[in-house]
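Chemist: Taking the UniProt record's numbering, the leading residue of the sequence shown gets 1, the next gets one more, and so forth.
Heads up, the beta-carbon is just placed ideally off N, CA and C, and yes, glycines get one too.
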Amino acid sequence: MSSPDPKTENSDSQSRINEAPPSEELGDSPTLLPQDPVESGSPNEEEELDPPRDPEEEEEEGECGFCLFMKGGGCKESFTAWEVCVEEAEKNKEDIVTKCMEVTSTLKKCMDEHSDYYQPILAAERAAEEQVKKELEGDKEKEKEKEISEEEAAAMKQARG
């Protein structure tokens, strides 16, 4: 057996280096743009920096943003009690307002006491109350106009007849 000629091997390797990989020969060139970490399957920087979560937080991971916000302030216990009450009422097909009046009141008081944190929710609640109030006032006005119109029509009918 003869040993391979180093010059031949080197020139052979060199020609392979200059050859395009099979995928590039077909017209596919590698993209030079940065890949999206989600697409590439690699974790992003934020995930790498997150501290390990405690079991209680993992439990809440599937919860809505509102629930997480409510539990993030000083009224976590009140909110959890309200949540349980609402779930029980729904499960037993009971009236939520009647059944949960006390825990709702407790939650509302707690939120008022921690208004610095719960201000966005309290503001949204006040705006919704104002909207309902305006709609009710508008409905009352329409009802009065309807009554006046009916009275006018009756008076006109009576005057004719």
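Can you give me the start and stop residues for the alpha helix (DSSP H) that aspartate 112 sits inside?
Modeler: In the sequence shown, counting from the first residue as 1, residue 112 sits at position 112. That run of the alpha helix (DSSP H) goes 101-113.
Chemist: Report yes if the C-beta distance between lysine 71 and phenylalanine 79 is below 8 Å; otherwise report no.
Modeler: Along the sequence shown, one-based indexing puts residue 71 at 71. Along the sequence shown, one-based indexing puts residue 79 at 79. In contact: lysine 71 and phenylalanine 79 (Cβ atoms closer than 8 Å).
Chemist: Is DSSP giving glutamate 63 helix, strand or coil here?
Modeler: Taking the sequence shown and counting its residues from 1, one reaches residue 63 at position 63. The answer is coil: DSSP assigns glutamate 63 none of H, G, I, E or B.
Chemist: Does DSSP put lysine 91 in a helix, a strand or coil?
Modeler: Taking the first residue of the sequence shown as 1, we reach residue 91 at position 91. The answer is helix: DSSP assigns lysine 91 an H, G or I state.
Chemist: Any idea what DSSP makes of cysteine 85, helix, strand or coil?
Modeler: What you label residue 85 is simply residue 85 of the sequence shown in a count that begins at 1. If DSSP states are grouped into helix, strand and coil, cysteine 85 belongs with the helices.
Chemist: Going by other Cβ atoms of all chains shown within 10 Å of its Cβ, with 16 needed for buried, is leucine 68 buried or exposed?
Modeler: Mapped onto the sequence shown, residue 68 falls at position 68. Exposed: under 16 other Cβ atoms inside 10 Å.
Chemist: So for glycine 72, helix, strand or coil by DSSP?
Modeler: For this step, residue 72 is matched to residue 72 along the sequence shown. The answer is helix: DSSP assigns glycine 72 an H, G or I state.
Chemist: Indicate whether the contact test is met: 3 or more Cβ pairs, each with one atom in the segment 136-154 and one in the segment 110-117, closer than 8 Å.
Modeler: No, because fewer than three Cβ pairs between the segment 136-154 and the segment 110-117 fall closer than 8 Å, the two stretches do not touch.
Chemist: Could you check whether cysteine 85 and lysine 99 sit closer than 8 Å to each other, using their CB atoms as the reference points?
Modeler: Here residue 99 corresponds to residue number 99 of the sequence shown, with the count starting at 1. Here residue 85 corresponds to residue number 85 of the sequence shown, with the count starting at 1. Yes, the pair counts as a contact, with Cβ atoms nearer than the cut-off.
Chemist: Taking C-beta to C-beta, are alanine 81 and valine 103 nearer than 8 Å?
Modeler: The sequence position of residue 81 within the sequence shown is 81, counting from 1. The sequence position of residue 103 within the sequence shown is 103, counting from 1. Cβ atoms of alanine 81 and valine 103: closer than 8 Å.
Chemist: Would you call the CB atoms of tyrosine 117 and glycine 65 closer than 8 Å?
Modeler: Counting from 1 along the sequence shown, the entry for residue 117 is found at position 117. Counting from 1 along the sequence shown, the entry for residue 65 is found at position 65. For tyrosine 117 and glycine 65, no; Cβs fall outside 8 Å.
Chemist: When you compare only the Cα positions, how much space is there between isoleucine 89 and lysine 144?
Modeler: In the sequence shown, residue 89 corresponds to position 89, counting from 1. In the sequence shown, residue 144 corresponds to position 144, counting from 1. The amino acid occupying residue 89 in the given sequence is alanine; isoleucine does not appear at that position. When rounded, the distance between both Cα atoms is 38 Å.
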